[in-house]
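First residue of the sequence shown? That's 850 in the numbering used here, and the numbers climb one at a time after it. All residues carry an ideal CB built from backbone N, CA and C; glycine is no exception. Bear in mind the structure is a predicted one, so any value in this text is a computation, not a measurement. Following: one structure in structure tokens, then a few remarks.
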Amino acid sequence: MKKFLMCVAAMACLVVTVSAQTAEEKQASAERLEKLRMEQPKACGVQQIDDLAAKCKTMADATLGVAAVTETLSTGDTDALAEQAADLTKRLQGIGNDLAEATRMMGGAGEALGSIKNPMKIKSATKALNYSKEVIALVTPETAYQGKVVAAMVSGQ
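Here's what the structure looks like:
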């Protein structure tokens, strides 16, 4: 996992040296962040699915938190940037770890959904599972984009 994260970080740094954030990337990020503000569904009573939904809510909140900090730092306060760069990197690594964990949890949650017999529970469990899938699909590119933004700020682009 560490090798994967290091490769992602290296690729983000390489991409940053080639091009800074484009207007399209910024717009796509804003749209992803807006979608991440969606409300977590209520607990469905299936432990694996509820745990996955909670993990995804944590990831969504952390991603929104990093976005808020990078937005504040983009104003050009280099002193604040120097102080926050290491923290942002740790936060992004934490999101990456949570993302890997949530992806792993999807298998167990899918199996748990298949074992539910109560139709009312199936509906709420499916809603929670769909929420989790959507958060994972949004957090994955947003984390890569945020890594790129942080790397660009640190390098002065």
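Under 8 Å between the Cβ atoms of residue i and residue j?
{"i": "Val1003", "j": "Thr919", "result": "no"}
{"i": "Ala951", "j": "Ile985", "result": "yes"}
{"i": "Asp947", "j": "Thr989", "result": "no"}
{"i": "Ser878", "j": "Tyr994", "result": "yes"}
{"i": "Ala958", "j": "Leu901", "result": "yes"}
{"i": "Cys1007", "j": "Ser973", "result": "Outside the displayed range of the chain (850 to 1006) lies residue 1007, so it cannot be described from this structure."}
Which residues bound the alpha helix (DSSP H) around residue i?
{"i": "Thr907", "result": "Gln896 to Leu922"}
{"i": "Arg881", "result": "Ala872 to Leu885"}
Tell me the DSSP secondary structure of residue i in three-state form.
{"i": "Lys891", "result": "coil"}
{"i": "Ala1000", "result": "helix"}
{"i": "Gly957", "result": "helix"}
{"i": "Gly945", "result": "helix"}
{"i": "Ile985", "result": "helix"}
{"i": "Ser973", "result": "helix"}
{"i": "Gly1005", "result": "coil"}
{"i": "Lys966", "result": "coil"}
{"i": "Ser868", "result": "Because Ser868 sits at a pLDDT of 46, beneath the cut-off of 50, its placement in the model cannot be relied upon, and the point is left open."}
Is there a C-beta anywhere in chain D that falls below 8 Å from the one on residue i?
{"i": "Thr938", "result": "No chain D is part of this structure, which consists of one protein chain only."}
Going by C-alpha to C-alpha distance, which of the options sits closest to residue i?
{"i": "Glu991", "options": "Gly914, Gly959, Ala958 and Ile971", "result": "Gly914"}
{"i": "Glu888", "options": "Ala1001, Asn979, Pro968 and Leu930", "result": "Asn979"}
{"i": "Gly836", "options": "Glu932, Lys976 and Ala917", "result": "Residue 836 falls outside the range modelled here, since the chain spans only 850 to 1006, and no answer is possible."}
{"i": "Thr912", "options": "Ile965, Gln870 and Leu885", "result": "Leu885"}
{"i": "Ala1001", "options": "Leu987, Asp936 and Leu930", "result": "Leu930"}
{"i": "Ala916", "options": "Leu941, Ala892, Ala903 and Gln896", "result": "Leu941"}
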